[in-house]
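Undergrad: My questions will all concern the structure given below.
Residue numbers (this note's numbering): 93 to 318.
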């Protein structure tokens, strides 16, 4: 397989800057949350968790107002399209998706949902002796707060599985399909056939406004802590 086969066509900007920043900041915050929670640094854990919640809410909003490749309706595909994509995985050639492939889009929505449940439940969680608690745990009963703790614990395990599957999928595409999915998430560009149009890229200022709205929503909810 030649270099031309590996990088067909022309470089097309498929990922906007906000989506790329979201991706890598999300990775960093998830690591901070996991390590701080595992080591009992709940002061750091809570702050990083709140930042993660703001980021997730912003990404959900961006899924409706962002660039073409960031919008949910652009990468959520029908079951038939998803199954056709699954059948094509055995073909040893790069994909030509301008954005998430059908399985990737599905995994994005699933991960955002689990992250939202995970960070949201953490706001109400409390440990058995009450030493460590989420900022809104006093608004619910002890039993409800303990249930939130259970959800928080289960969803982190689900997230670890999703992360492992994500890394495995990226490795599979890189080593078998000859499709580097990491580089476009750094540079924003991917080589695509000439018939692919340039996706519409939303301005960065819109992303900043989206982040401000998300922060206002989350901080407004946190203000209920008094």
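Where is the CB? At the ideal position from N, CA and C, for every residue including glycine. All of these numbers come straight from a predicted model, not from anything done at the bench.
Tell me, please, whether the region 280-300 touches the region 156-173 by the rule of three or more beta-carbon pairs shorter than 8 Å.
TA: Contact holds: three or more Cβ-Cβ distances are below 8 Å.
Undergrad: Do residue 124 and residue 140 have their CB atoms nearer than 8 Å?
TA: On the chain shown, position 32 is the one that residue 124 refers to. On the chain shown, position 48 is the one that residue 140 refers to. Closer than 8 Å, so yes.
Undergrad: Going by beta-carbon coordinates alone, are residue 269 and residue 276 separated by less than 8 Å?
TA: Here residue 269 corresponds to residue number 177 of the chain shown, with the count starting at 1. Here residue 276 corresponds to residue number 184 of the chain shown, with the count starting at 1. Contact flag unset, no.
Undergrad: Return the chain-ordered list of same chain residues with a C-beta closer than 8 Å to the C-beta of residue 262, the five sequence neighbours on each side being excluded.
TA: By one-based count along the chain shown, residue 262 stands at place 170. 273 and 274.
Undergrad: My output table needs one value for residue 171: the three-state DSSP class, helix, strand or coil.
TA: Here residue 171 corresponds to residue number 79 of the chain shown, with the count starting at 1. Note: residue 171 maps to helix in three-state DSSP.
Undergrad: Give the secondary structure of residue 104 by DSSP, where H, G and I count as helix, E and B as strand, and everything else as coil.
TA: The residue you call residue 104 lines up with position 12 of the chain shown. Residue 104: strand per DSSP, three-state reduction.
Undergrad: Would you identify the three-state DSSP class for residue 109, choosing helix, strand or coil?
TA: Counted from its first residue, the chain shown places residue 109 at position 17. Residue 109 falls in the helix class under three-state DSSP.
Undergrad: For my contact list, residue 316 and residue 228 are in at a C-beta cut-off of 8 Å; report their separation, rounded to the angstrom.
TA: Here residue 316 refers to the residue found at position 224 when the chain shown is read from its first residue. Here residue 228 refers to the residue found at position 136 when the chain shown is read from its first residue. Sure, about 6 Å apart at Cβ, within 8 Å.
Undergrad: Quick one: grab the DSSP three-state call for residue 283.
TA: Here residue 283 refers to the residue found at position 191 of the chain shown. Strand at residue 283.
Undergrad: Extract the residue ranges of the alpha helix (DSSP H) inside the region 193-217, only unbroken runs of 4 or more that lie entirely within it.
TA: As far as the region 193-217 is concerned, its whole alpha helix (DSSP H) runs of at least 4 residues are 194-216.
Undergrad: Would you say residue 154 and residue 162 are within 8 Å of each other, going by their C-beta atoms?
TA: Here residue 154 refers to the residue found at position 62 of the chain shown. Here residue 162 refers to the residue found at position 70 of the chain shown. Yes, the Cβ-Cβ distance between residue 154 and residue 162 is below 8 Å.
Undergrad: Find out if the Cβ-Cβ distance for the pair residue 209, residue 241 is shorter than 8 Å.
TA: Start at 1 with the first residue of the chain shown, and residue 209 comes out as number 117. Start at 1 with the first residue of the chain shown, and residue 241 comes out as number 149. No, these two residues do not count as a Cβ contact at 8 Å.
Undergrad: I'd like to check one pair, residue 197 with residue 167: are the Cβ atoms closer than 8 Å?
TA: Residue 167 sits at position 75 when you count from the first residue of the chain shown. Residue 197 sits at position 105 when you count from the first residue of the chain shown. Cβ distance < 8 Å, so residue 167 and residue 197 count as in contact.
Undergrad: Between the alpha carbons of residue 121 and residue 131, how many angstroms are there, rounded?
TA: For the purposes of this step, residue 121 is taken as residue 29 along the chain shown, with counting starting at 1. For the purposes of this step, residue 131 is taken as residue 39 along the chain shown, with counting starting at 1. The alpha-carbon atoms of residue 121 and residue 131 are separated by roughly 15 Å.
Undergrad: Taking the beta carbon of residue 111 as the centre, do at least 16 other beta carbons fall within 10 Å, making it buried, or is it exposed?
TA: Here residue 111 refers to the residue found at position 19 when the chain shown is read from its first residue. Buried.
Undergrad: Considering residue 293, what are the terminal residues of the alpha helix (DSSP H) in which it resides?
TA: For this step, residue 293 is matched to residue 201 along the chain shown. Careful: residue 293 lies outside any alpha helix (DSSP H) and carries neither H nor E.
Undergrad: Give me whichever residues DSSP pairs with residue 225 in a beta bridge.
TA: Here the question's residue 225 lines up with position 133 in the chain shown. Note: residue 225 sits in a beta bridge opposite 218.
Undergrad: What is the rounded straight-line gap between the Cα of residue 333 and the Cα of residue 244?
TA: Residue coverage of the chain in this structure runs from 93 to 318, which leaves residue 333 outside it and unanswerable.
Undergrad: May I ask you to report which of helix, strand or coil DSSP gives residue 273?
TA: As a position in the chain shown, residue 273 is number 181, starting the count at 1. DSSP places residue 273 in coil when its eight states are reduced to three.
Undergrad: Under the three-state reduction of DSSP, which class applies to residue 184: helix, strand or coil?
TA: In the chain shown, counting from the first residue as 1, residue 184 sits at position 92. Looking at residue 184 - three-state DSSP - the assignment turns out to be coil, as it is neither helix nor strand.
Undergrad: Counting only the same chain and skipping the five closest in sequence on each side, list residues whose C-beta sits under 6 Å from that of residue 247.
TA: As a working mapping, residue 247 is identified with position 155 in the chain shown. So the list reads 206, 209 and 210, once near-sequence residues are dropped.
Undergrad: Once DSSP output is grouped into helix, strand and coil, what is the label at residue 179?
TA: As a working note, residue 179 is residue 87 in the chain shown. In this structure, residue 179 counts as helix in the three-state DSSP scheme.
Undergrad: Given a cut-off of 8 Å, decide if residue 106 and residue 280 are closer than it, judged by their beta-carbon atoms.
TA: Locating residue 280 in the chain shown gives position 188, where the first residue counts as 1. Locating residue 106 in the chain shown gives position 14, where the first residue counts as 1. Yes, the Cβ-Cβ distance between residue 280 and residue 106 is below 8 Å.
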